[in-house]
Every structure is written in C-alpha cells, then in structure tokens.
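Residue numbering for the sequence shown follows our numbering, starting at 61 and increasing by one per position.
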Amino acid sequence: MRNKIIIGNWKMNLDLADAQDLTFKLKTSIKAKRPTEIAICPPSVYLLTISNILKDTPYIKVGAQNMFYKEEGAYTGEISPIMLKDLHVEMVIIGHSERRQYFNESDKDINLKIKAALKFGFTPIFCVGEDLIIREKGEAEIRVKHQVLEGLKDLSSVEIEKLIIAYEPIWAIGTGKICSGEDANKIIKMIRSTVKEKSTAQISEKVRILYGGSVKSDNFKEHIKYPDIDGGLVGGASLNFEEFIKLIDLANNVHEQTQSHHV
Ligand code: 13P
Numbered sequence: 061m062r063n064k065i066i067i068g069n070w071k072m073n074l075d076l077a078d079a080q081d082l083t084f085k086l087k088t089s090i091k092a093k094r095p096t097e098i099a100i101c102p103p104s105v106y107l108l109t110i111s112n113i114l115k116d117t118p119y120i121k122v123g124a125q126n127m128f129y130k131e132e133g134a135y136t137g138e139i140s141p142i143m144l145k146d147l148h149v150e151m152v153i154i155g156h157s158e159r160r161q162y163f164n165e166s167d168k169d170i171n172l173k174i175k176a177a178l179k180f181g182f183t184p185i186f187c188v189g190e191d192l193i194i195r196e197k198g199e200a201e202i203r204v205k206h207q208v209l210e211g212l213k214d215l216s217s218v219e220i221e222k223l224i225i226a227y228e229p230i231w232a233i234g235t236g237k238i239c240s241g242e243d244a245n246k247i248i249k250m251i252r253s254t255v256k257e258k259s260t261a262q263i264s265e266k267v268r269i270l271y272g273g274s275v276k277s278d279n280f281k282e283h284i285k286y287p288d289i290d291g292g293l294v295g296g297a298s299l300n301f302e303e304f305i306k307l308i309d310l311a312n313n314v315h316e317q318t319q320s321h322h323v
C-alpha cells in the first residue's frame, strides 16, 4: 500500500522570521512517525536555515521549489542540483504551472530537470495540469497525458518509480475553486495508466500521485478518501500551521481506516 504524503509548497511567501516560526511549530508537533509522509518546500533562500532546524527531525522532509538542470556555469540567478545537495534537500518540485506560465518552462526543460534531479538523488515532484480553456473544451485528459509523456521521456522504469507526480489543474490553484474528488481521481487514474504504459503495472502501483489546487482541510476530506489520490501538494493552506496539521491528520485517518478494513 502506498503511504500518503502531504507536501507544503510555500511559493514566494513568508519572511525569514515567519518561515522559521512555522518550521519550529511543525517540528514540535511532529515528533513521531505516522503513516503519512510530510514535506515542506520553502523559498530557496531559506532552505539552509530550514534544513538546519529540521536536521534531527526525520519525519519532515525538505524540498526545493525549482532547480536548473545544469550543474554549474554562467546561469545568473539559477540554482544547480549540486548546490541543493549541500542544503540537505531531498525533493524538488519540477514543472509547477507557475514556472510553466510565468517563466516559460517548456516540457523539454521539465524533462531535463527531472533527469538532473534523479541523477543527483532527489525525488522529483513532477507537476502537471490543464488550464480552464482546455478543461472547458473537454481536453483535460489529452493535455495532462501529453505533459506526463513529455516529462517521462527517455526515463527508465527504475527512474520512473522514484517520481512523485502532482496533478494541479491551473484553474483550481489559488482560486478557491476545487476540482471535485471524482474529477481529480479520474485524471489521476489516467496518469497512473500512462505511468504503466511507460514502465510496468507494478511500478505504476508504487508511484505516488497527488492532487493540488485550493486544498483546505474542509474540502480535502473528499479527495483523500480516493485510493488513487495519494496526498496533496498544498499552497496557501500550508502557510497556516493549524490547517497544515489538519491535512496531515486527515491523511493519517484515511490510512488508519484502510488498515482496519484489512484486518
Ligand atoms: P493553492 O493550494 O494555494 O491553490 O496552491 C496549489 C499549488 O500550486 C501547490 O503547488
């Protein structure tokens, strides 16, 4: 059975003091291993500070929000995988729709970034999702499938197994509009079958596929119950300590209920 995972994407939010404060609160509250994995992705300039705070807290992983695929060179403003390695980062968000939309990241760039992340031993959190026009045209599945295939290009099954994929419909990000559990599950099932096409049935059952887009504790109850939805990539709600903890609790509860059905 796949463990659920809740990942906080802080985006370009919080000042250093607030980022430290939120991290200390999480560290104090998450002292024991529970079934749900937890990760936070702070802005890159805070990564070292946050990693140091969490150094002896194995239950909260740290991820970066982006990474360049080159290892070094004249790329002003970029951050290389080697640099992230020094910051004790374990995961990297790749291909977030805000990177695609505002920074012109192409499917090709994203594929190169996924390969670079894997080469350096990071878990890529590979994001896909359609915009409103595509959804209204009824082409969401076609678009997302295309993004998945482009992202996975030339990856071996062993590499594919290491990915986390996040389905984040653009029209649901930061808008308060949520994609229903049923609709999200439908796309996530399609992503899983695409992963199967590119690897094996066994691997496709291991890859975690998350939902993201206006996730809050009051709407996520519905999503997290679907066995194919393995957790959430959470923006706004991850900046609020109580909300983030509630999301983790929701995922833990689903896990416990599933376990009790199996005994
Ligand atoms: P919100 O949860 O703020 O809608 O953001 C979702 C997201 O983009 C996470 O990566």
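Beta carbons are placed, not taken as given, at the ideal position from N, Cα and C, and that holds for glycine.
Asked: Length-filtered (3 minimum) beta strand (DSSP E) runs lying within the stretch 80-147; Found: 97-101, 120-124
Asked: Separation of aspartate 75 from lysine 306, as counted between CA atoms; Found: 23 Å
Asked: At least 3 beta-carbon pairs within less than 8 Å: the stretch 229-244 vs the stretch 162-174; Found: no
Asked: Beta carbon proximity, glycine 181 to chain B, threshold 8 Å; Found: The structure shown has no chain B; it contains just one protein chain.
Asked: Any non-hydrogen atom of the ligand 13P within 7 Å of valine 294 CB; Found: yes
Asked: Helix, strand or coil at phenylalanine 186 according to DSSP, with G and I counted as helix; Found: strand
Asked: Assigned secondary structure, leucine 76 (DSSP; H/G/I helix, E/B strand, else coil); Found: helix
Asked: Span separating the alpha-carbon of serine 140 from that of serine 320; Found: 44 Å
Asked: Beta-carbon proximity of alanine 311 to threonine 136, cut-off 8 Å; Found: no
Asked: Residues near valine 294 by beta carbon distance below 8 Å, same chain, minus five either side; Found: Ile66, Ile67, Gly68, Asn69, Gly272, Val275, Phe304, Leu307
Asked: Within 8 Å, strictly: CB atoms of isoleucine 284 and alanine 226; Found: no
Asked: Distance cut-off 7 Å: serine 274 Cβ against heavy atoms of the ligand 13P; Found: yes
Asked: Beta-carbon proximity check, alanine 277 vs glutamate 228, cutoff 8 Å; Found: Note that residue 277 corresponds to serine in the displayed sequence, not to alanine. Their beta carbons are not under 8 Å apart, which means serine 277 does not touch glutamate 228 by this criterion.
Asked: Presumed contact (8 Å Cβ cut-off) between glutamine 298 and isoleucine 98, rounded CB distance; Found: Note that residue 298 is serine in the sequence shown, not glutamine. Serine 298 to isoleucine 98, Cβ: 10 Å. No contact.
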